[in-house]
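Quick note on the working numbering: the sequence shown kicks off at 94 and runs consecutively.
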Amino acid sequence: MRREWPLSILLMGPCTGASAQPAVPHGRLVRHLSVDGVMREVVLHVPAAVDGSHAVPLVFMLHGTSGSGQKFYNISGWVEKADAEGLIAVFPSALTYCLGDDEDYDGIIEPDEFKVTTKWAAGALGTPVMPLCSEEQIAALPPAKQAEIESHTLRDDVAFFDAIVGALGQELPVDARRLYASGFSNGASMS
């Protein structure tokens with residue numbers, strides 16, 4: 094089931110009667126969040142030990158180029174670390190862009206060095222060193238590759254992370270003083 098976080102927050106007054114903490118969902122959770130007009134995906138892991146009785150750290154785990162939150166969830170070892178330490182691990186997914194990358198380091202981005210892949214908006218992405226594809230380049234791609242592209246313009250991943258923190262803070266016992274980020278390759282650059 095796809096769960097989207099609301100873009101507005103309903104504030105309610107105090108409840109009468111016994112006050113009970115809302116149940117904390119556990120295990121692998123998938124959330125979708127619209128940021129800057131683009132639907133983004135976040136996979137997270139909430140250990141069974143997180144019961145809502147106290148706020149816990151939130152750790153972002155950022156995958157590298159061509160990865161996804163789900164892939165990093167599966168291979169990073171941070172699900173087990175979250176269980177061992179009692180923290181919430183968050184695995185967001187970068188957007189898929191069409192971009193050029195001078196992979197042979199000859200100072201020229203040849204036509205075969207343009208690709209469709211996930212990439213965090215960190216470092217040189219969207220600059221002449223790592224340009225986004227033109228509309229003409231995208232139009233020349235096979236329809237299946239065109240369909241993979243989630244954005245033709247560079248998006249603000251920091252705004253995405255801010256939105257995640259805000260949404261998770263409404264749903265889970267997140268300690269806003271203990272927010273951390275770690276990443277692999279392009280994810281490390283974004284961290």
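Beta carbons: idealized from backbone N, C-alpha and C, even for Gly. Nothing here was measured: the structure is a model prediction, and the numbers come from that model.
Note that the C-beta distance between Ser161 and Ala215 is not below 7 Å.
Residues of the same chain with a CB within less than 6 Å of the CB of Gln163, apart from the 5 flanking positions on each side, are Val136 in chain order. Rounded to whole angstroms, the Cβ separation of His119 and Pro266 is 12 Å, and the two are not in contact under 8 Å. Between the C-alpha atoms of Pro224 and Pro140 there is a straight-line separation of about 40 Å. Asp268 and Thr246 have their C-alpha atoms spaced approximately 33 Å apart. The DSSP-derived three-state label of Gly157 is coil.
Under the three-state reduction of DSSP output, Ala177 falls in the helix class.
Nearest C-alpha to Asp250 among Gly179, Ala232, Ser186: Ser186.
For Glu134, the enclosing beta strand (DSSP E) covers residues 131-139. The beta carbon of Ala274 sits closer than 6 Å to those of Phe153, Ser284, all from its chain and outside the five residues before and after it, given in chain order.
Non-local beta-carbon contacts of Val117 in its own chain, meaning distances under 8 Å to residues more than five positions away in sequence, involve Val139, Val143, Asp144, Gly145, Leu265, Pro266 in chain order.
Residues Cys191, Phe207 of the same chain have their beta carbon placed closer than 7 Å to that of Gln230, with the five preceding and five following residues left out of the count.
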